[in-house]
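Enquirer: After the structure tokens below, expect a handful of questions from me.
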């Protein structure tokens, strides 16, 4: 059970964050198909940052001395770097779709093609192979929080909750959850959020009330890019051992599915992300999950193919799209370039 | 002579060509610049290698390797050009797929999924039909048609949900892409018969289509050389050492057929009318729902045909565990179509251009310290630019208008900016004219039907 919850969270948290990234862009009126590309780019930047910092004397010494505070700080800094570069990368999309009134789907597709190409080109030059890994050690030894990290001894039993949420976890997961909550509140409970959402619903009306639609759309897409970039790095850190391969296995598109399944509402998105995360986790390790600890591998006995679990999120999303398109909470003006002159 | 050029310049098609050429030039510049930056900043690369890299990016198709002294040599390289034509085959077809959908106002980002379904069905048919008793050409034809049909059915799904439930086809396509990727992996994973076990050095591949299923000692086994492969049609003699086959000719024929379908038939006209304005088309009596489904099905069939031609060549292998990645050929149909401004004939040329970039990338990997991903950067730049190619075209048109205004009334015209220039009678944007014209004539057609 502990394993199941931990693994599900590892998959669900980046999904949740990137789905919220999609919401920010769409609420401001821009369809961000580039989530996948921005994630790939963010993962690359984060890993590169870690790699470069690792070879500085400060962090080498910190690793020697088991200075966990410094290493967790490095993790947070890498997340920040990924977020900043993700935001900058997403400017390409906002520039094309806000200033040049380009087709947003094509712009997003261009970014999705650009990110893996650029990242793989650079990885090949830097590492002479198709994977960029940490300079030394692995994600578990550098960044994972364990019992010993928190000052307990190896044999202490922390209880169910302690074992699940304090042992063998990543700080990044919790930071993402906090960010998710804070940003959801900003989007739905503050003046800034209301203004941004109005630009996605009826930009002309928003403009007539003195809101700068262009600025708001830039803000929405930039926040979206930052979150997607960070989500990409968190994904690479927690599920790919802090390595960048120019690929996030369709996670960005899965996040789009989560967003649609969650009907653009934060709580539903969190639920959808957990569900899809569970599917991912089951697909990855269905034969070795012992749900209630009685030695029976229930899922393996059911005998469903892992491919089915991998496919389910997309099928469910398609069905949800099909049956709820009438009550969809998608922004009214998304995908339509704002033109002051048009009526 | 000057008049000839100004007439040519005023044509919409010319402007499209110029806009595409500008996109290509900027794309190549970005690629070269990236190489230059990497070459100048990286410790183990020098500026002279960057210069070599840039030359290969620009003229790699004519590269013949390095001579004994290590300098790059240039000339006619039949192998490169033949491979370019071979790789262009699926690109032309996926490009057509995206272009046809675009004409109906749909963005077919589902080409990768349709391509995968086409691949799977083609391979299954080619490898299950006993080629011992049935002539190879018939097996080939069955597999080709099967691939097309599979693509068409897969493409029809987003079309159906778009037409009847009004769901954004882009999202539906993305979902069907990943469903296809998982479905194909699942299928080949569970039915182990098609996995190549003859060549032990490779794992994870499906048999090539010229492996025939024969009975050896009471068990089905696959033996190479049953002849299920696209005929070479003499092209291998022109381009010795390359993979080229008759598939490229088939692709060109299909492109011409699609051109005729889209611009010379009622069906094509109705499809385009739906694309220009779905509601106006319905008002004029065009069955918009049927046309949307049909358009996506045709698009899917074209992607499926691309996959069939690629894998029926007889010497291409399919890596079946594809659930984590979608085929790049499907996505590259998008730049092919965008660069061709959705013109089926132009797709032939842009498809060949894209595959040329592909070959250039391989040359870059083989001959220099840089790698093939630079060409994907160039392609992505071109797609990015085509997102606002309308703006480029507007700039081109604006310049012309400004000139015309300046010559017409010399003094007062100086003040008018490009944006505020009065609209000349013939200067209405072509998109609008298409929109206006479509319902009118369609209405006339409908009137004809009623009588």
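Protein chains in written order, with this note's numbering: chain A, 54 to 396; chain B, -3 to 447. All C-beta atoms, glycine included, are put in the ideal place defined by N, C-alpha and C.
Taking the beta carbon of residue 192 of chain B as the centre, do at least 16 other beta carbons fall within 10 Å, making it buried, or is it exposed?
Expert: As a working note, residue 192 of chain B is residue 196 in the second chain. Classification of residue 192 of chain B: buried, given that the 10 Å Cβ count is 16 or more.
Enquirer: If we cut at 8 Å on Cβ distances, does residue 185 of chain B have a partner in chain A?
Expert: Along the second chain, read from residue 1 onward, the residue named residue 185 of chain B stands at position 189. Yes - at least one Cβ of chain A is within 8 Å of the one on residue 185 of chain B.
Enquirer: Near residue 407 of chain B, which residues of its chain fall below 8 Å by C-beta distance, leaving aside the five closest residues on each side in sequence?
Expert: As a first step, residue 407 of chain B must be located in the second chain, where it is residue number 411. Unreliable positioning characterises residue 407 of chain B in this predicted model, as indicated by a pLDDT of 39, which lies under 50. The coordinate reading is nonetheless provided below. Answer for residue 407 of chain B: no residue qualifies.
Enquirer: Could you name the residues of the region 359 to 386 of chain B whose beta carbon sits closer than 9 Å to any beta carbon of chain A, in the order they occur along the chain?
Expert: Of all residues in the region 359 to 386 of chain B, 361, 365, 366, 367, 368, 369, 370, 371, 372, 373, 374, 375, 376, 377, 378, 379, 380, 381, 382, 383, 384, 385, 386 have a Cβ within less than 9 Å of some Cβ in chain A.
Enquirer: With 16 other CB atoms within 10 Å as the buried threshold, where does residue 220 of chain A fall?
Expert: In the first chain, the residue the question calls residue 220 of chain A occupies position 167. Result: buried.
Enquirer: Hey, would you say residue 186 of chain A sits closer than 8 Å to residue 87 of chain A, going by beta carbons?
Expert: Locating residue 186 of chain A in the first chain gives position 133, where the first residue counts as 1. Locating residue 87 of chain A in the first chain gives position 34, where the first residue counts as 1. No. Outside cutoff.
Enquirer: Per DSSP, residue 235 of chain A forms a beta bridge with which residues?
Expert: Counting from 1 along the first chain, the entry for residue 235 of chain A is found at position 182. Answer is none; residue 235 of chain A lacks a bridge partner.
Enquirer: Just list the residues that DSSP pairs residue 70 of chain B with in beta bridges.
Expert: Sequence index remark: in the second chain, residue 70 of chain B carries index 74 (1-based). Residue 70 of chain B pairs with B/59.
Enquirer: Output the boundary residues of the alpha helix (DSSP H) element that contains residue 363 of chain A.
Expert: Here residue 363 of chain A refers to the residue found at position 310 of the first chain. Unbroken alpha helix (DSSP H) run through residue 363 of chain A: 359 to 377.
Enquirer: Would you decide whether residue 413 of chain B is buried or exposed? Buried here means 16 or more other CB atoms lie within 10 Å of its CB.
Expert: One-based indexing of the second chain puts residue 413 of chain B at position 417. Because the pLDDT of residue 413 of chain B is 37, which lies under 50, any placement of that residue in the model is unreliable, and the question is left without a value.
Enquirer: Could you tell me if the beta carbon of residue 34 of chain B falls within a distance shorter than 7 Å of some heavy atom in the ligand NAD?
Expert: With respect to the ligand NAD, the structure shown offers nothing to examine, as it has no ligands at all.
Enquirer: Give the interface partners of residue 398 of chain A over in chain B, defined as CB-CB distance under 7 Å, in chain order.
Expert: This structure gives no information on residue 398 of chain A, because the portion of chain A shown stretches from 54 to 396.
Enquirer: Return the first residue and the last residue of the alpha helix (DSSP H) that residue 331 of chain B is part of.
Expert: As a position in the second chain, residue 331 of chain B is number 335, starting the count at 1. Here the alpha helix (DSSP H) through residue 331 of chain B covers 324 to 335.
Enquirer: In whole angstroms, what separates the C-alpha of residue 360 of chain B from that of residue 252 of chain B?
Expert: The residue labelled residue 360 of chain B in the question sits at position 364 within the second chain. The residue labelled residue 252 of chain B in the question sits at position 256 within the second chain. If I take the Cα positions, the gap works out to 33 Å.
Enquirer: Whose CA, out of A/305, A/217, A/182, lies closest to the CA of residue 199 of chain A?
Expert: Locating residue 199 of chain A in the first chain gives position 146, counting from the first residue. If we check each option's Cα against that of residue 199 of chain A, A/217 comes out closest.
Enquirer: Identify the continuous alpha helix (DSSP H) that holds residue 165 of chain A and give its terminal residues.
Expert: Along the first chain, one-based indexing puts residue 165 of chain A at 112. 157 to 180 is the extent of the alpha helix (DSSP H) around residue 165 of chain A.
Enquirer: Using a beta-carbon distance cut-off of less than 7 Å, what residues from the region 366 to 378 of chain A approach chain B?
Expert: Of all residues in the region 366 to 378 of chain A, 367, 368, 370, 371, 374, 375, 378 have a Cβ within less than 7 Å of some Cβ in chain B.
Enquirer: Which residue's Cα is closest to the Cα of residue 265 of chain A: A/167, A/157, A/279, A/151?
Expert: The residue given as residue 265 of chain A occupies position 212 in the first chain. Residue 265 of chain A has its Cα closest to that of A/151, out of A/167, A/157, A/279, A/151.
Enquirer: Does any residue of chain C bring its CB to less than 8 Å from the CB of residue 309 of chain B?
Expert: The structure shown has no chain C; the protein chains it does contain are A and B.
Enquirer: What would DSSP say about residue 191 of chain B, mapped onto helix, strand or coil?
Expert: Taking the first residue of the second chain as position 1, residue 191 of chain B is located at position 195. Of the three classes helix, strand and coil, the one that applies to residue 191 of chain B here is strand, per DSSP.
Enquirer: Note down, in chain order, every chain A residue with its Cβ under 7 Å from the Cβ of residue 82 of chain B.
Expert: Residue numbering aside, residue 82 of chain B sits at position 86 when the second chain is read from its first letter. Chain A residues near residue 82 of chain B: none, gap ~22 Å exceeds 7 Å.
Enquirer: Rounded to whole angstroms, what's the CA-CA distance from residue 249 of chain B to residue 108 of chain B? Just pull it up for me.
Expert: Within the second chain, numbered from 1, the residue matching residue 249 of chain B stands at position 253. Within the second chain, numbered from 1, the residue matching residue 108 of chain B stands at position 112. Roughly 22 Å between the two C-alpha positions.
Enquirer: Less than 7 Å between C-beta atoms, sequence neighbours within five positions excluded: which residues of the same chain meet that for residue 352 of chain B?
Expert: Translated into the one-based positions of the second chain, residue 352 of chain B becomes position 356. Counting only Cβ-Cβ distances below 7 Å, and skipping sequence neighbours, we find 57, 80.
Enquirer: List the residues of chain A whose Cβ lies closer than 7 Å to the Cβ of residue 171 of chain B, in chain order.
Expert: For the purposes of this step, residue 171 of chain B is identified with residue 175 of the second chain, where counting begins at 1. Under the 7 Å cutoff, chain A gives 310, 367, 370, 371.
Enquirer: Per the contact definition of three or more C-beta pairs closer than 8 Å, is the region 301 to 318 of chain B in contact with the region 133 to 145 of chain A?
Expert: Cβ pair count under 8 Å is below three, so no.
Enquirer: How would you list, in chain order, the residues of chain A whose beta-carbon sits under 9 Å from the beta-carbon of residue 103 of chain B?
Expert: Mapped onto the second chain, residue 103 of chain B falls at position 107. 156, 158, 159, 162, listed in chain order.
Enquirer: Give the straight-line distance between the Cα atoms of residue 18 of chain B and residue 161 of chain B, rounded to the nearest whole angstrom.
Expert: To locate residue 18 of chain B, count along the second chain from 1; it is residue 22. To locate residue 161 of chain B, count along the second chain from 1; it is residue 165. Spanning the two alpha carbons is a distance of roughly 39 Å.
Enquirer: Can you name the residues that DSSP bridges to residue 198 of chain A?
Expert: If you number the first chain from 1, residue 198 of chain A lands on position 145. DSSP, once it has assigned bridges, lists A/222 as partnering residue 198 of chain A.
Enquirer: Note down, in chain order, each residue of its chain lying with its Cβ closer than 7 Å to the Cβ of residue 312 of chain A, except the 5 sequence neighbours on either side.
Expert: Stepping through the first chain from its first residue, residue 312 of chain A is reached at position 259. Closer than 7 Å at the Cβ level, and outside the excluded window around residue 312 of chain A, lie 72, 75, 76, 322.
Enquirer: From residue 363 of chain B to residue 48 of chain B, what distance separates their C-alpha atoms?
Expert: Mapped onto the second chain, residue 363 of chain B falls at position 367. Mapped onto the second chain, residue 48 of chain B falls at position 52. When rounded, the distance between both Cα atoms is 9 Å.
Enquirer: Residue 327 of chain B: buried (16+ other C-beta within 10 angstroms of its C-beta) or exposed?
Expert: Mapped onto the second chain, residue 327 of chain B falls at position 331. Its Cβ being crowded by 16 or more others within 10 Å, residue 327 of chain B is buried.
Enquirer: Whole angstroms are fine: how far does the CA of residue 370 of chain B sit from the CA of residue 329 of chain A?
Expert: Taking the first residue of the first chain as 1, we reach residue 329 of chain A at position 276. Taking the first residue of the second chain as 1, we reach residue 370 of chain B at position 374. If I take the Cα positions, the gap works out to 34 Å.
Enquirer: When you compare the region 86 to 103 of chain B with the region 61 to 68 of chain B, are there three or more beta-carbon pairs, one atom per stretch, that lie closer than 8 Å?
Expert: Contact between the region 86 to 103 of chain B and the region 61 to 68 of chain B is absent, because fewer than three Cβ pairs lie under 8 Å.
Enquirer: What whole-angstrom Cβ distance do residue 172 of chain B and residue 153 of chain B have, given they're in contact under 8 Å?
Expert: Position 176 of the second chain holds residue 172 of chain B. Position 157 of the second chain holds residue 153 of chain B. Their Cβ separation, rounded to whole angstroms, is 5 Å, which keeps residue 172 of chain B and residue 153 of chain B in contact under 8 Å.
Enquirer: Just curious, the alpha helix (DSSP H) that residue 384 of chain B is in, first and last residue?
Expert: Working through the second chain from its first residue, we reach residue 384 of chain B at position 388. Here residue 384 of chain B belongs to no alpha helix (DSSP H), and DSSP marks it neither H nor E.
Enquirer: With a CB to CB cut of under 7 Å and the five nearest residues on each side skipped, what residues in its chain are close to residue 405 of chain B?
Expert: The sequence position of residue 405 of chain B within the second chain is 409, counting from 1. Only weak support is given to the placement of residue 405 of chain B: the predicted model assigns it a pLDDT of 48, under 50, and the value that follows is read from those uncertain coordinates. Hits under 7 Å: none found.
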